[in-house]
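Enquirer: In case it helps, my numbering puts the sequence shown at residues 121 to 387. Glycine residues also receive a C-beta, built at the ideal position from the N, C-alpha and C atoms. These numbers were taken from a predicted model, which means no experiment stands behind them. Please see the structure below; I have some questions.
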Amino acid sequence: MLISIVTINYNNLEGLKKTMTSVLEQSYQDLEYIVIDGGSDDGSAAYIEKHQEKLSFWISEADAGIYNAMNKGIAKTSGDYIFFLNSGDLLYDGSVIQTFVSSNPVEDIVYGHLEIQKEHRSWIKTYPKVLMFSYFIKDSLPHSGAGFFKKSCFVEELSFYDINLKIMADWKWSVIALFKKGYSYRLIDYVIGIFEYGHGISSLPENRKLLKNERMLTLNSEFKYIYPEIASLLDFKKNQTRLMNSRFFKIAAIMKNIFEKYRKFER
121 MLISIVTINY NNLEGLKKTM TSVLEQSYQD LEYIVIDGGS DDGSAAYIEK HQEKLSFWIS
181 EADAGIYNAM NKGIAKTSGD YIFFLNSGDL LYDGSVIQTF VSSNPVEDIV YGHLEIQKEH
241 RSWIKTYPKV LMFSYFIKDS LPHSGAGFFK KSCFVEELSF YDINLKIMAD WKWSVIALFK
301 KGYSYRLIDY VIGIFEYGHG ISSLPENRKL LKNERMLTLN SEFKYIYPEI ASLLDFKKNQ
361 TRLMNSRFFK IAAIMKNIFE KYRKFER
């Protein structure tokens with residue numbers, strides 16, 4: 121099974137070094153490694169060129185953003201599955217790809233968990249085994265570092281990521297793939313990659329408003345009949361949770377326990 125790994129980079133030489141090393145040290149050898157650099161001026165191109173004999177394809181030229189760069193990578197892949205690993209992200213260990221292949225994948229999308237690193241601490245970001253539409257109202261699948269996507273999935277409207285979106289094109293791809301196209305999926309219950317918090321543009325606080333706007337734009341254009349009902353149900357659940365956690369309900373619960381104990385005492 122041929123696995124295509126795509127790394128995109130722009131002026132992140134130190135992150136690129138770590139990423140490329142984690143790929144090139146994989147025990148599984150049937151890899152097609154593609155590196156797309158956005159015309160960096162920090163020495164990235166020279167570093168990539170130095171290792172070009174280990175790469176299937178690389179280029180360093182100006183692009184229109186991360187999704188344009190990822191699309192360039194997709195166009196050069198020929199593997200059974202595509203795995204994105206952006207510069208700065210790492211594979212969890214040297215046997216990750218081998219473990220994935222040994223699981224005999226047949227699904228369109230296979231994903232695992234991520235270790236998130238922030239300053240001096242880290243935690244595991246887990247993903248659900250069953251993917252519901254409501255989950256994607258607030259979250260998404262990882263497209264860098266923890267997801268394998270069949271090359272055959274990238275067809276028709278899903279041939280490439282929507283470059284009109286700045287930070288949510290991978291999320292848009294997922295919701296259309298799963299809930300319009302019905303792509304099959306499977307969770308593999310182990311950590312696949314390591315993600316440095318704050319490195320991805322969708323995790324930056326200043327991009328939260330743009331993230332929300334792009335999500336809403338997609339939901340209203342692609343799921344305009346179902347989204348209002350889902351949003352209404354989620355609001356109801358949130359309000360119910362808030363009410364149940366309110367001081368009034370806590371006091372009511374205490375009074376209920378006292379009343380039940382008193383009734384037992386009367387008997």
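(1) For the structure I just gave you, are there three or more beta carbon pairs, one from the stretch 331 to 339 and one from the stretch 262 to 278, closer than 8 Å?
(2) Measure from the alpha carbon of residue 272 to the alpha carbon of each residue in 245, 133 and 200, then state which is nearest.
(3) Would you mind reading off the limits of the beta strand (DSSP E) that contains residue 308?
(4) Measuring CA to CA, which of 231, 307 and 188 is closest to residue 127?
(5) Is it the case that the Cβ atoms of residue 147 and residue 215 are separated by a distance below 7 Å?
(6) Grouping DSSP H, G and I as helix and E and B as strand, with all else coil, what is residue 132?
(7) Would you kindly report the start and end of the unbroken beta strand (DSSP E) that includes residue 157?
(8) Report, in whole angstroms, the separation of the C-beta atoms of residue 180 and residue 165, which I expect to be a contact under 8 Å.
(9) Please identify the residue among 340, 137, 302 and 253 whose C-alpha is closest to the C-alpha of residue 206.
(10) Spell out the partners DSSP gives residue 143 in its beta bridges.
(11) If we count Cβ pairs, one from each stretch, closer than 8 Å, do we get three or more for the stretch 220 to 240 versus the stretch 290 to 305?
(12) Let me know if residue 312 comes out buried or exposed under the rule of 16 or more other beta-carbons within 10 Å of its beta-carbon.
Expert: Looking at the atomic coordinates:
(1) No: fewer than three Cβ pairs fall under 8 Å.
(2) Residue 200 is the option with its Cα nearest to residue 272.
(3) Here the beta strand (DSSP E) through residue 308 covers 305 to 316.
(4) The option with the nearest alpha carbon to residue 127 is 188.
(5) Their beta carbons are under 7 Å apart, which means residue 147 touches residue 215 by this criterion.
(6) Coil.
(7) Taken as a continuous stretch (DSSP letters only), the beta strand (DSSP E) holding residue 157 covers 151 to 157.
(8) Between residue 180 and residue 165 a beta carbon distance of about 4 Å is seen, short of the 8 Å cut, so the two are scored as contacting.
(9) Taking only the C-alpha atoms, the option nearest residue 206 is 137.
(10) The partner list for residue 143 (beta bridge, DSSP) is empty, contrary to what the question assumes.
(11) Verdict: yes, contact present.
(12) Counting other Cβ atoms within 10 Å of its Cβ, residue 312 reaches 16 or more and is therefore classed as buried.
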